[in-house]
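K.L.:
These protein sequence lines map, in sequence, to chains S and R. Residue numbering for the first sequence follows the UniProt record's numbering, starting at 1 and increasing by one per position. Residue numbering for the second sequence follows the UniProt record's numbering, starting at 1 and increasing by one per position. Heads up, the beta-carbon is just placed ideally off N, CA and C, and yes, glycines get one too. Provided herewith is a single structure, encoded as structure tokens, for subsequent inquiry.
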Amino acid sequence: MGVIHVTDRAGQRHTLEAIEGWRVMEIIRDWGLPIEGLCGGACECATCHVFVAEDWLGKLYPATEEEEDQLDTVVTKPNSRLSCQILWTPELDGLEVTLAPTGD
Amino acid sequence: MTDHIETDVVIIGAGPVGLFAVFELGLLDIKCHLIDILPKVGGQCAELYPEKPIYDIPGFPMVTGQGLVDNLMAQIEPFNPTFHLNEMVESLESIGTPEAPLFRVKTSENGTTFVCKSVIIAAGGGSFQPKKPPIDNIESYEGTSVFYAVRKMEMFRGKKVLIVGGGDSALDWTVNLQPIAKRLTLLHRRDAFRAAPHTVEKMRALVAAGDMDLHLGQVSALKGENHVLEGAVIRKDDGSEHVVDCDVMLPFFGLTMKLGPIAEWGLNLHENLIPVDTEKFETNVPGIFAIGDINTYPGKLKLILSGFHEGALAAQKVHRYVYPEKKLLFQYTTSSTSLQKKLGVAA
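This is the structure we're talking about:
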């Protein structure tokens, strides 16, 4: 067991209990924070876009070409990732992410 | 002048669930028209993941999104439904009574009007719309200087055009608008493009010849006054910023889904979903049904197979509205000659 810290679009930080094997998008959605995840985690919509805290970036598997293609459809920062492509493992205990703004 | 179409049922959304509803209604002799905002049928299956394998469709160990849509189209072919693609339902108005519902449905693009006895909303996550980048004040330029689609190329003649994105739309319009624009700039977040390779090559040749500019980065702010754009502030990955002069900006960031006008039709909504009962999948308005990902009820699972089931049950109630005098006989396609005749397979 462990946790992730998620800062919502209003700037409020939430500490969520994480479950091994769940995607970070699923953890965020399951706790009821506003993350769309339209395609259900298929890496096809980029509506689960998050910014990952700098010191955590290097601990994640790098983005696949497929994920990069989807990141092309949002306004990114160098620390942009799709949270459906981050599988939570105990090594990610304490992972810090911020929900990216949406267009509307 | 608007045409006016009379039919039994209008189905809003031509995704897998809307398509299968045609089958279940067809077996009960109910005619339908389908309306979808996309230029093609299949909804998310065709738009978001046509090549992705799906493993939980009963009877298909594996089928791709497009494969499922193609099979559904073949399955409903005997019922000859009419499709109205590239159209969005703008208004839905009740003109009947709870006992004998009647509706007037209007679409936006061509302004088609339908009069029907039932409406089935199978709109999934809502209607597909261009993704709008989160840039401050972008709304104040929309329609004057910021466009999410090109309707008339001539609008851009002699203009300083900024195109943003790295997919097919961005690259196609880059190549097509470059000859008529005063100066064309393409902006993308990285030096890799997922568009068709030959279009990317054309773009690179134009850049090499000095006939257009390619910038890497993101738009961080817009400059201008009174809805007229003058420039875009571009931020690179290293944090440095510079301004690109432009009269128009065309962001091509793909599609997303928005609930859209459905919210204004007098239906109860719960977190952008439409609550229904689990016997008929009818909404709070008699004669309006909601099936598939757009509905909610205790225990709801957003699975394609749930949507198929919901369509079958909704069709039973629709039959009572369309044929109030007829008794509905429950039959199987394996044994009923009358159903087999409808399917065009009777011996």
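#1: Can you confirm whether C39/S, when its beta carbon is compared against all beta carbons of chain R, has any partner nearer than 8 Å?
#2: Please confirm whether M1/R has its beta-carbon closer than 8 Å to some beta-carbon of chain S.
#3: If you measure between the beta carbons of R189/R and T64/S, is that distance less than 8 Å?
#4: Ignoring anything shorter than 4 residues or poking outside the region 54-134 of chain R, list the alpha helix (DSSP H) runs there in chain order.
#5: Counting only C-beta atoms, is G103/S closer than 8 Å to chain R at any point?
#6: At the 8 Å Cβ level, is L19/R part of the contact set with chain S, yes or no?
#7: Does DSSP classify M155/R as helix, strand or coil?
#8: Any beta-carbon of chain R closer than 8 Å to the one on A42/S?
#9: What are the residues in the region 44-69 of chain S lying within 9 Å of chain R by C-beta distance?
#10: Could you tell me which chain S residues have their CB closer than 9 Å to the CB of M203/R, listed as they occur along the chain?
#11: How should M1/R be labelled, buried or exposed, when 16 other C-beta atoms within 10 angstroms of its C-beta is the threshold for buried?
#12: Give every residue of the same chain whose Cβ lies closer than 7 Å to the Cβ of T7/R, excluding the five residues on either side of it in the sequence, and list them in chain order.
#13: Touch check for the region 67-82 of chain S and the region 182-197 of chain R: three-plus C-beta pairs under 8 Å?
#14: Is the CB-CB distance between V3/S and V50/S below 8 Å?
#15: Between which two residues does the beta strand (DSSP E) carrying G2/S extend?
#16: For chain S, check one thing: does any of its Cβ atoms lie closer than 8 Å to the Cβ of P134/R?
#17: Does any residue of chain S bring its CB to less than 8 Å from the CB of M249/R?
#18: Under the rule that 16 or more other beta-carbon atoms within 10 Å means buried, what is G299/R, buried or exposed?
#19: Is M25/S buried or exposed, if buried means 16 or more other CB atoms sit within 10 Å of its CB?
#20: Hey, would you say V89/R sits closer than 8 Å to I35/R, going by beta carbons?
#21: Rounded to a whole number of angstroms, what is the C-alpha to C-alpha distance between L273/R and L60/S?
#22: When you compare the CB of D30/S with every CB in chain R, is at least one pair closer than 8 Å?
#23: Which same chain residues end up closer than 6 Å to V233/R when comparing Cβ atoms and leaving out the 5 residues on each side of it in sequence?
#24: So for G231/R, helix, strand or coil by DSSP?
#25: Taking 8 Å as the cut-off, decide whether the C-beta atoms of R235/R and G254/R are in contact.
#26: According to the neighbour-count rule (16 or more other Cβ atoms, all chains shown, within 10 Å of its Cβ), is N268/R buried or exposed?
#27: Confirm, please, whether the CB-CB distance from L19/R to L72/R is below 8 Å.
#28: Hey, does G307/R have any beta-carbon neighbour from chain S nearer than 8 Å?
#29: Quick one: which chain S residues come within Cβ less than 9 Å of Q66/R?
#30: Measure the beta-carbon distance from D213/R to Q178/R and round it to whole angstroms, keeping in mind my assumption that it falls under 8 Å.
#31: M88/R versus chain S: which residues are under 7 Å apart at the beta carbon?
#32: What residues in the region 217-229 of chain R have a beta carbon less than 9 Å from any beta carbon of chain S?
#33: Anything in chain S within Cβ reach of G43/R, meaning under 8 Å, just list it in chain order.
#34: Is the beta carbon of I121/R sitting closer than 8 Å to the one on G266/R?
P.N.:
Taking the geometry as given:
#1: Closer than 8 Å to some Cβ of chain R, the Cβ of C39/S qualifies, so yes.
#2: Bear in mind that a pLDDT of 47 at M1/R, under 50, signals an unreliable position, so the number given afterwards is only what the model happens to contain. Interface flag for M1/R against chain S is unset, since no Cβ pair is found closer than 8 Å.
#3: Their beta carbons are not under 8 Å apart, which means R189/R does not touch T64/S by this criterion.
#4: You should have 65-76.
#5: At a cut-off of 8 Å between C-beta atoms, G103/S counts as an interface residue with respect to chain R.
#6: Answer no: the Cβ-Cβ gap between L19/R and chain S never drops below 8 Å.
#7: Under the three-state reduction of DSSP, M155/R is assigned to helix.
#8: Taking Cβ atoms only, chain R reaches closer than 8 Å to A42/S, which makes this a yes.
#9: Correct list: E44, C45, A46, T47, E65, E68, D69.
#10: Within 9 Å Cβ-Cβ: nothing; M203/R doesn't reach chain S, min ~15 Å.
#11: Per-residue confidence for M1/R stands at a pLDDT of 47, beneath the threshold of 50, marking its modelled position as unreliable; the derived number appears in the next sentence. Label assigned to M1/R: exposed.
#12: Residues K31, C32, H33, F114, C116 of the same chain have their beta carbon placed closer than 7 Å to that of T7/R, with the five preceding and five following residues left out of the count.
#13: Short answer: they touch.
#14: The criterion of a C-beta distance shorter than 8 Å is not satisfied by V3/S and V50/S.
#15: That run of the beta strand (DSSP E) goes 2-7.
#16: True, the Cβ-Cβ gap to chain S drops below 8 Å.
#17: Not one chain S Cβ lies under 8 Å of M249/R.
#18: The Cβ neighbour count for G299/R, taken over all protein chains shown within 10 Å, is under 16; the residue is labelled exposed.
#19: Buried is the call here.
#20: Taking a C-beta distance under 8 Å as the contact criterion, V89/R and I35/R qualify as a contact pair.
#21: For L273/R and L60/S, the gap between their C-alpha atoms comes out near 34 Å.
#22: So, not an interface residue.
#23: Only S220, A221, E241, V243 meet the Cβ criterion.
#24: Assignment of G231/R by DSSP, reduced to helix, strand and coil, places it in the strand class.
#25: Taking a C-beta distance under 8 Å as the contact criterion, R235/R and G254/R do not qualify as a contact pair.
#26: N268/R comes out exposed.
#27: Yes, the Cβ-Cβ distance between L72/R and L19/R is below 8 Å.
#28: G307/R does not count as touching chain S.
#29: Residues of chain S whose Cβ lies closer than 9 Å to the Cβ of Q66/R do not exist, since the nearest Cβ in that chain is about 13 Å away.
#30: That belief does not hold up - the Cβ atoms of D213/R and Q178/R are roughly 10 Å apart, past 8 Å.
#31: The contact set of M88/R on chain S, defined by CB atoms closer than 7 Å, is empty, because the minimum CB distance reaches about 17 Å.
#32: Of all residues in the region 217-229 of chain R, the ones placed with a Cβ closer than 9 Å to any Cβ belonging to chain S are Q218, V219, S220, in chain order.
#33: Against chain S, a Cβ distance below 8 Å from G43/R picks out nothing, because the smallest value is about 12 Å.
#34: With contacts defined as CB atoms closer than 8 Å, I121/R and G266/R fail to qualify as a contacting pair.
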